[in-house]
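Okay, structure first, notes after.
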Amino acid sequence: MLALLFSFIPLAKSFIGSFLTISQSGKVLGFAGISNYATLLSNQAFLSSVLNTLRFVIFFLPLNTFLTLLAAALTRKKHRANAVFEFIFLTPLAFSLSALALVFKELFRGRVSVINRLFGLSFQWLDEPGPAMAVLVIFGVFLDFALDYILLVSAFRSTDRSIIEAAEIDGAAGCRLFFQIELPSIRNMFLITVFMALKDAVLISAPVMVLTEGGPFRSTETVMYYYYLEAFRSGNRAAETTIAVMMVLFSIAVMSLTSRRRRDV
Amino acid sequence: MKKAIIVLTILLSAAGIYAGGSTEDDSVVTIWHSNSGALGTAFDEIVAEFNSTIGAEKGIEIEAIYQGAANDVLTKVKAAAAVDTSTLPDIAQLDATAALDMMNSDYLVLPSVLGIDTSSIMPSALESLMSERGLLAIPFNASSLLFYYNKTLFDSLGLEAPATLDEFTEIAPLLGETDANGNVTRYAFAGVPATYELGAFIGAQNGLSYMVDEENGHTGTPRKVLFEEEGTFAEFLTHWKKLYDTGYLNNITSGVSTEFAAGRTATMLASSSNLSTVINTVGGRFEVGTAFVPKTNEEATGGVNIGGGAMFSFTESENARIVLEYLISEDVQLEWAEKTGYMPVNTGLYDNAEYQEFLDGNPQFRVAMEQTASSNPKVTGVWIPSAYQIYYSFQSEIRNVTENGKSIEAAVHDMAATVQNALDEYAAQNIV
């Protein structure tokens with residue numbers, strides 16, 4: 001019932017609305033056909049936001065996957081020293097996103113920023129397109145790290161010990177044991193973290209809002225941030241409904257792709 | 266849309282909680298405002314004063330609710346109005362980006378309907394809110410674009426603040442500084458002009474120029490871009506490119522005041538309302554000077570437009586009128602100006618001894634007042650839809666011209682197309 005109320009009805013409304021011309025106050029002015037989509041797809045700012053989102057995903061997803069997996073793998077055994085690492089890795093969870101974003105903003109502010117002084121760099125992090133995207137990626141990893149880490153570590157630890165012991169008796173050790181026995185045994189959880197990260201990456205908007213506001217020069221304006229600006233700030237109903245519909249279609253596409261893959265395995 | 270529903274539900278329930286007071290009990294006047302930090306404190310004091318004096322006498326209570334930055338207040342007002350106009354506050358403090366939406370809304374109650382006497386309000390502040398429907402709102406916190414410079418540095422070089430962009434280009438190499446490795450350690454200027462700055466750089470040309478028709482959207486919903494055929498944006502870019510080519514213009518879009526306070530740029534453009542904050546951030550490391558915004562060329566005599574915020578009303582009530590008249594009264598405007606650096610909108614203060622004394626003690630504040638006094642009041646902020654996208658587009662095109670070798674003609678054309686598209690889209694969606 002709740003799902004119907006909060007999910008399907010608005011979705012259907014958006015879908016129908018995306019083919020209509022609707023005024024800011026919600027009045028239907030006429031049938032627009034596919035012109036809303038045509039306008040959006042010919043809009044340079046929208047296209048660049050798609051590219052920016054893609055760029056973010058390409059950098060963020062592998063980096064996030066690699067780092068969380070590495071950290072989880074290194075600390076997967078229950079051990080006193082590992083408890084310290086666990087504590088460190090999990091602290092980001094204790095802070096709110098916007099508070100962290102403000103801290104990041106301060107750390108990377110200007111050429112005299114804390115980060116530059118620490119590492120002897122001279123980037124104007126948030127004012128150069130490349131570095132600004134890098135800050136966003138670093139921040140994204142920072143945000144997702146803790147949760148992904150918990151999931152992976154607990155998956156490692158809940159693996160049936162007998163399988164690992166059997167493999168050890170058979171002479172498997174080190175890398176081989178890890179890649180051929182332990183990693184495959186957490187495959188499901190691993191995929192879950194990857195897709196959660198993918199979802200976060202494609203839908204990223206709040207960190208952009210606080211950290212860069214899409215700048216400099218639109219280089220970090222992601223699809224969802226563009227959507228936010230058009231739908232909420234400008235009250236553009238055409239952009240609002242069409243982007244919403246396209247994002248839902250995109251998620252359905254990804255979901256069906258992955259569920260087919262799982263069936264194959 | 267999913268998000269919209271959730272946000273609206275939260276807003277609705279939140280609004281329901283305090284709207285209860287304003288609908289059932291007419292003695293409470295709710296104000297959604299955007300004043301935080303020092304501004305928030307000053308505003309709260311003004312509200313408290315009302316509640317303990319006039320309010321107590323007449324049985325009116327102001328309930329001031331901070332709703333985030335001015336554009337957040339607008340977002341919330343629009344969301345509330347979309348659900349049910351009874352969830353709207355009595356009064357909301359909004360800025361110029363709200364004007365177009367408010368002009369086309371059916372829930373705005375005009376000051377003329379409330380019967381507010383506006384004869385004592387600064388003419389250019391009134392002009393900045395004048396629309397085809399008449400005055401939209403009551404100016405409360407007026408500010409304008411201002412040129413900030415490192416006075417200590419200028420004095421040591423024997424320089425004056427530049428009056429035109431060409432003069433600026435001449436002195437930029439003197440203001441800038443490069444280390445032994447050829448890295449610029451101090452720029453002459455930092456920042457990339459956007460809609461706000463161009464309001465002055467374009468608006469002032471030939472005494473008065475508009476970016477879009479209908480007097481920048483004030484006399485009706487704008488339908489046509491003017492800065493391309495009138496050549497005003499190209500004129501600005503020509504002079505700006507020369508300034509950039511000195512090598513001492515830093516194209517950054519954030520943290521400009523930080524760079525200024527750190528002495529890494531000799532000048533910047535910012536709202537006059539930032540003056541107190543800038544002086545505090547600099548903290549006496551050097552003397553902060555303020556001057557008129559450099560003119561695009563000799564003929565650009567229009568000056569600057571009034572920006573800042575105004576009080577938009579959504580209830581036709583005697584109490585709202587009393588509150589609004591209180592907010593623009595001499596005493597309140599004096600207190601507000603002294604505590605925040607905003608220009609007082611009440612002309613009665615211009616010969617008020619206490620205010621003059623304040624200006625004598627803080628000469629940097631006087632510059633904004635003088636600049637406004639010498640500006641053409643018809644130079645007004647532009648009211649356009651998709652304001653955020655257009656803002657970023659201006660910056661991108663200026664960067665394309667200065668850094669990436671894009672021709673001025675192509676940049677102006679692309680920019681005009683972006684704005685024209687936004688105007689067309691808005692017209693298609695909102696004009697029956």
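As given, the protein sequences belong to chains A and B, one line each in that order.
In this text, residue positions in the first sequence follow the working numbering: the first is 1, and each later residue adds one.
In this text, residue positions in the second sequence follow the working numbering: the first is 266, and each later residue adds one.
Ideal placement from N, C-alpha and C gives every residue a C-beta, glycine not left out.
Since the model is a prediction, treat every value here as computed from it, not as a measurement.
- Note on geometry: alpha-carbon atoms of B:Trp601 and B:Leu540 lie some 14 Å from one another.
- Going by DSSP, B:Phe577 is part of the beta strand (DSSP E) stretching over 571-578.
- By the neighbour-count criterion, in which a residue is buried when 16 or more other Cβ atoms sit within 10 angstroms of its Cβ, B:Gly574 is buried.
- Rounded to the nearest whole angstrom, the C-alpha separation of A:Arg80 and A:Gly174 is 21 Å.
- Only buried fits B:Gln694, as 16 or more other CB atoms lie within 10 angstroms of its CB.
- Contact annotation, B:Leu410 with B:Leu534: C-beta distance approximately 6 Å; criterion of less than 8 Å satisfied.
- Spatial neighbours of B:Val677 in its own chain (CB-CB distance under 6 Å, excluding positions within 5 residues in sequence) are listed in chain order as Glu493, Phe498, Ala499.
- Within the same chain, and ignoring the five residues on either side of B:Tyr475 in sequence, the residues whose Cβ sits closer than 7 Å to its Cβ are Asn481, Leu491.
- Residues of the same chain with a CB within less than 7 Å of the CB of A:Ala72, apart from the 5 flanking positions on each side, are Tyr149, Leu152, Val153, Phe156 in chain order.
- In the DSSP assignment, B:Asn641 falls outside any alpha helix (DSSP H) and carries neither an H nor an E.
- Between the segment 82-97 of chain A and the segment 121-135 of chain A there are fewer than three inter-stretch CB-CB distances shorter than 8 Å, so the stretches are not counted as touching.
- Every unbroken stretch of the alpha helix (DSSP H) spanning 4 or more residues and falling wholly within the segment 384-467 of chain B is given here in chain order: 388-392, 416-421, 430-440, 460-466.
- Residue contact with chain B for A:Phe217: present (Cβ-Cβ distance below 8 Å to some residue of chain B).
- Across the set B:Ala321, B:Ala361, B:Asp349, the C-alpha of B:Ala361 shows the shortest separation from the C-alpha of B:Leu339.
- B:His483: not part of any beta strand (DSSP E); DSSP gives it neither H nor E.
- With respect to the C-alpha of A:Ser14, the residue from A:Val137, A:Gly140, A:Ala231, A:Leu51 having the closest C-alpha is A:Ala231.
- Of all residues in the segment 232-253 of chain A, only Phe232, Arg233, Ser234, Gly235, Asn236, Arg237, Ala238, Glu240, Thr241, Ala244 come within less than 8 Å of chain B when Cβ atoms are compared, listed by chain position.
- Partner residues in the beta bridge of B:Thr530, as assigned by DSSP, are B:Tyr452.
- Residue environment: A:Gln180 is assigned as exposed (fewer than 16 neighbouring CB atoms within 10 Å of its CB, all protein chains considered).
- A:Gly110 reaches chain B at Gly520, Thr523, Glu524, Ala527, Arg529, counting residues in chain order whose Cβ is nearer than 8 Å.
- Taking the Cα of A:Leu211 as reference, the smallest distance to any Cα among A:Asn236, A:Lys105, A:Gly26 is reached at A:Lys105.
- Put simply, the segment 231-249 of chain A touches the segment 34-41 of chain A. At least three CB pairs are less than 8 Å apart.
- Interface criterion met: the Cβ of B:Arg664 is under 8 Å from a Cβ in chain A.
- The beta carbons of B:Asn570 and B:Thr645 sit closer together than 8 Å.
- For the pair B:Thr484 and B:Pro388, the Cα-to-Cα distance works out to about 17 Å.
- Here DSSP, grouped into helix, strand and coil, assigns B:Gln358 to strand.
- For A:Met224, DSSP assigns no beta-bridge partner whatsoever.
- Looking at B:Asp510, B:Glu479, B:Asp355, the one whose alpha-carbon comes closest to that of B:Ile436 is B:Asp510.
- Residue contact with chain A for B:Asp366: present (Cβ-Cβ distance below 8 Å to some residue of chain A).
- A:Val202 and A:Phe60 have their C-alpha atoms some 10 Å from each other.
- Put simply, of A:Thr258, A:Asn236, A:Thr53, A:Leu229 the residue whose alpha carbon is nearest the alpha carbon of A:Ile22 is A:Asn236.
- When CB distances to chain B are screened at a threshold of 7 Å, the residues of the segment 41-55 of chain A falling below it are Ala45, in chain order.
- With the rule of 3 Cβ pairs closer than 8 Å, the segment 312-324 of chain B does not count as touching the segment 344-357 of chain B.
- Under the 8 Å criterion on CB atoms, A:Thr21 is classed as interfacial with respect to chain B.
- If you check each beta-carbon in the segment 158-184 of chain A against every beta-carbon of chain B, none falls closer than 8 Å.
- By the neighbour-count criterion, in which 16 or more other beta carbons inside 10 Å mark a residue as buried, B:Val553 falls on the buried side.
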